[in-house]
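Peer 1: Here the sequence shown stands for residues 2 to 508, numbered as in our numbering.
Just so it is clear, CB atoms sit at the ideal spot from N, CA and C, and this is done for glycine as well.
Provided herewith is a single structure, encoded as structure tokens, for subsequent inquiry.
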Amino acid sequence: MSNYNPDSPTNWHKVNMAHENDNVLEKGYWQSNKAESKIPLHTRALHKFLDFVRPMILTKAPATKKPLSRTGYLDGLRGFAAFLVYWQHHNSWVRETSGDDEIFENGFGYTGKHYFATFPFIRVFFTGGHFAVPVFFVISGYVLSAKPLSLMQSGESMKLLDNLSSALFRRWMRLWIPVAITTYIYMTMAHYPGFYTDDYFHKATYREEIWEWYSNIKNFSFIFDTSGNPFFPYNGHIWTIPQEFKGSIAVYVALVSFSRFPRNSRLLAELVLIWYFIWVTDGCFFAMFIAGMLLCDLDLLAINNDLPRFIKRLEPYKQIIFYHLLIIGLYLSGVPARNMDMNNVWKARGWYYLAYLKPQATFDYKWFYLFWAATFTTAAIPRIGWLRRFFEGRFCQYLGKISFGLYLVHGPVIFILADRLYSAVGFVRIRHLKNMPQWPNAFPLSMAGPLGLEFAFLAPHIILLPVTFWLAEITTRFIDEPSVKFAQNLYRRLASGSAPSGPSLKM
Numbered sequence: 002m003s004n005y006n007p008d009s010p011t012n013w014h015k016v017n018m019a020h021e022n023d024n025v026l027e028k029g030y031w032q033s034n035k036a037e038s039k040i041p042l043h044t045r046a047l048h049k050f051l052d053f054v055r056p057m058i059l060t061k062a063p064a065t066k067k068p069l070s071r072t073g074y075l076d077g078l079r080g081f082a083a084f085l086v087y088w089q090h091h092n093s094w095v096r097e098t099s100g101d102d103e104i105f106e107n108g109f110g111y112t113g114k115h116y117f118a119t120f121p122f123i124r125v126f127f128t129g130g131h132f133a134v135p136v137f138f139v140i141s142g143y144v145l146s147a148k149p150l151s152l153m154q155s156g157e158s159m160k161l162l163d164n165l166s167s168a169l170f171r172r173w174m175r176l177w178i179p180v181a182i183t184t185y186i187y188m189t190m191a192h193y194p195g196f197y198t199d200d201y202f203h204k205a206t207y208r209e210e211i212w213e214w215y216s217n218i219k220n221f222s223f224i225f226d227t228s229g230n231p232f233f234p235y236n237g238h239i240w241t242i243p244q245e246f247k248g249s250i251a252v253y254v255a256l257v258s259f260s261r262f263p264r265n266s267r268l269l270a271e272l273v274l275i276w277y278f279i280w281v282t283d284g285c286f287f288a289m290f291i292a293g294m295l296l297c298d299l300d301l302l303a304i305n306n307d308l309p310r311f312i313k314r315l316e317p318y319k320q321i322i323f324y325h326l327l328i329i330g331l332y333l334s335g336v337p338a339r340n341m342d343m344n345n346v347w348k349a350r351g352w353y354y355l356a357y358l359k360p361q362a363t364f365d366y367k368w369f370y371l372f373w374a375a376t377f378t379t380a381a382i383p384r385i386g387w388l389r390r391f392f393e394g395r396f397c398q399y400l401g402k403i404s405f406g407l408y409l410v411h412g413p414v415i416f417i418l419a420d421r422l423y424s425a426v427g428f429v430r431i432r433h434l435k436n437m438p439q440w441p442n443a444f445p446l447s448m449a450g451p452l453g454l455e456f457a458f459l460a461p462h463i464i465l466l467p468v469t470f471w472l473a474e475i476t477t478r479f480i481d482e483p484s485v486k487f488a489q490n491l492y493r494r495l496a497s498g499s500a501p502s503g504p505s506l507k508m
């Protein structure tokens, strides 16, 4: 879904389409349009700005659809997972005071009550935010290792070194520049114009707030930070970003370590590393990244018809195997996750015997089950045609394009806008009465409907959903994508610089 508008006055040049399938930029078919040069500069600038901020849904799709890459389904899966995070955080926010959040987070039949939203498989659409995090990590492990593994399998050692050098240099900037910018904007909005938000304690002055933000961001973005607080006060939902960066480093280190290994040794080393992170130490997050790396390794070997013999023997049964993996994965994605008390698992219907599988080393048990859920589901999707087509569809691809922006902005939208709308329709907190007294029950709506699908909960999303998507697009366009390009250009400039001349030091 491109933001390109062929009818816009900002389309300053026309393409000679005589060579429709050629690369017109490289072939030099661009021709100036003298008529449009008569449009005043300020008018063209205004239309250029409107083109940038126009929602994608209001933009004409390109005449020719760009074919998806081999891993296009992963973009759709990542986008859909980001939407599950959005939906769970909204559901959790409105139910914090009522106690209903405890029902969502526990199993079907909790306290003798049976809700549709907590039924196995169905519950992933209400509490799928937990499941989405391991999906993010498995996808990252897959994507980060795709190019290095292909170079490794083809024996191109120097290109492998160049690739890892570039990837490692750019990774911190790719993750943290968007986080720093979006949280700074949100922090500023709490002072100018001074929105009340219920997620953190505001400082008395803007200067104090800037210092508090700086003190937190510099520590939060430090990979070896040992403060013990996993939540960033200006957007607690981005607690996964430090884990994302650490997991990326684990993938890069594993790639370097295994780069000289032959096929079977490399696959065995990846399995041993996963075993170590799960059963020896409390490292399920790292295991998710390495699992993604393993899945990528197997896919590339399959493309080259170089899978181990015992895996090739399973080829006739792959359809039934991957359908079973999908079912098991989706079931495990609904693990009761209210807290770290294993009694919740023992007591949950359908989880008693599964509770025995939990390793001693895993502190927060849910990540053990979600590791398998994300790994099995991610492995199964590309082998199940209708499911792959769903994630390669237009909606999921759109979500994939804005997924990081959606992840970054949905929290501030909840804190500033959704909190007020929910209070207005009847989801009132005690603090609302004191800090924004004009909002509680301003236009109350009916609470009729199943838990999690009440009319009063769904109605505000007529506003919240398009606003959040639009802000995610803006974040993607003006913050995320420029951050990626900045890191790429900086690496190219530094890497292409000639070594300083002068006398060399002989050791």
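#1: Please name the residue, chosen from Ser155, Phe81, Pro467, that lies closest to Arg261 on a Cα-to-Cα basis.
#2: Using DSSP with H/G/I as helix, E/B as strand and the rest coil, what is Asn220?
#3: If you follow the alpha helix (DSSP H) that Ala131 is in, where does it begin and where does it stop?
#4: From Lys402, Ile382, Ile140, pick the residue whose C-alpha is nearest to that of Ile329; which is it?
#5: Label Phe377 either buried or exposed according to how many other C-beta atoms from any shown protein chain fall within 10 Å of its C-beta, with 16 as the threshold for buried.
#6: CA-CA distance, Tyr207 and Thr189?
#7: Please return the same chain residues whose Cβ sits closer than 8 Å to the Cβ of Leu446, not counting the five positions on each side in sequence.
#8: Look at Cys285 and Phe369 and say whether their C-beta atoms are less than 9 Å apart.
#9: Using the beta-carbon count (16 or more within 10 Å), is Met341 buried or exposed?
#10: In terms of residue numbering, what span does the alpha helix (DSSP H) encompassing Asp420 cover?
#11: Going by alpha carbons, who is nearest to Val136 out of Ser216, Ser404, Asp365, Arg264?
#12: How many angstroms separate the CA atom of Leu152 from the CA atom of Ser158?
#13: Does the count of Cβ pairs from the region 112-123 and the region 448-455 closer than 8 Å reach three?
#14: Does the distance from the CB of Ile385 to the CB of Thr183 come in under 9 Å?
#15: Excluding five sequence neighbours on each side, which residues of the same chain lie with their C-beta closer than 6 Å to the C-beta of Gly406?
#16: Kindly confirm or deny that the region 97-108 and the region 411-423 touch, where touching means at least three C-beta pairs closer than 8 Å.
#17: Helix, strand or coil for His238? Go by DSSP, reduced to three states.
#18: Quick check: the region 261-270 against the region 210-226, are at least 3 beta-carbon pairs closer than 8 Å?
#19: Give me, in chain order, the residues of the same chain whose beta-carbon lies closer than 8 Å to that of Thr363; leave out the 5 immediate sequence neighbours on both sides.
#20: Spatial neighbours of Leu315 within its chain, please: C-beta separation below 8 Å, excluding the five flanking residues on both sides.
#21: Mapping DSSP to helix, strand and coil, what is Leu85?
Peer 2: If we stick to the structure as given:
#1: Indexing the sequence shown from 1 puts residue 261 at position 260. Closest by alpha carbon: Ser155.
#2: The sequence position of residue 220 within the sequence shown is 219, counting from 1. The answer is helix: DSSP assigns Asn220 an H, G or I state.
#3: If you number the sequence shown from 1, residue 131 lands on position 130. Note that residue 131 is His in the sequence shown, not Ala. Counting along the chain, the alpha helix (DSSP H) containing His131 begins and ends at 125-154.
#4: Translated into the one-based positions of the sequence shown, residue 329 becomes position 328. Cα-wise, what sits closest to Ile329 is Ile382.
#5: For the purposes of this step, residue 377 is identified with residue 376 of the sequence shown, where counting begins at 1. Buried, since its Cβ has 16 or more Cβ neighbours within 10 Å.
#6: Residue numbering aside, residue 207 sits at position 206 when the sequence shown is read from its first letter. Residue numbering aside, residue 189 sits at position 188 when the sequence shown is read from its first letter. Near 8 Å, if we compare the C-alpha coordinates of Thr189 and Tyr207.
#7: The residue given as residue 446 occupies position 445 in the sequence shown. Taken in chain order, the residues that qualify are Val426, Gly427, Phe456, Ala457, Ala460.
#8: Position 284 of the sequence shown holds residue 285. Position 368 of the sequence shown holds residue 369. Yes, the Cβ-Cβ distance between Cys285 and Phe369 is below 9 Å.
#9: As a position in the sequence shown, residue 341 is number 340, starting the count at 1. Counting Cβ neighbours within 10 Å, Met341 comes out exposed, since fewer than 16 surround it.
#10: By 1-based counting over the sequence shown, the position of residue 420 is 419. Looking at the DSSP string, the run of the alpha helix (DSSP H) that includes Asp420 is 420-426.
#11: Locating residue 136 in the sequence shown gives position 135, where the first residue counts as 1. Here the closest residue by C-alpha is Ser404.
#12: In the sequence shown, counting from the first residue as 1, residue 152 sits at position 151. In the sequence shown, counting from the first residue as 1, residue 158 sits at position 157. The straight-line gap from Cα to Cα measures roughly 7 Å.
#13: yes
#14: As a first step, residue 385 must be located in the sequence shown, where it is residue number 384. As a first step, residue 183 must be located in the sequence shown, where it is residue number 182. No. Outside cutoff.
#15: Within the sequence shown, the letter at position 405 stands for residue 406. For Gly406, where only same-chain residues beyond five positions count, the Cβ hits under 6 Å are Ala473, Thr476, Thr477, Asp481.
#16: no
#17: Position 237 of the sequence shown, counting from 1, holds the residue named residue 238. In the structure shown, His238 sits in a helix (DSSP, three-state: H, G or I).
#18: no
#19: On the sequence shown, position 362 is the one that residue 363 refers to. So the qualifying residues of the chain are Ile279, Asp283, Cys285, Phe369.
#20: Reading the sequence shown from its first residue, position 314 is the one you call residue 315. If we look at Leu315 and ignore the five residues flanking it on each side, its Cβ neighbours are Ile322.
#21: Along the sequence shown, read from residue 1 onward, the residue named residue 85 stands at position 84. Helix, per DSSP.
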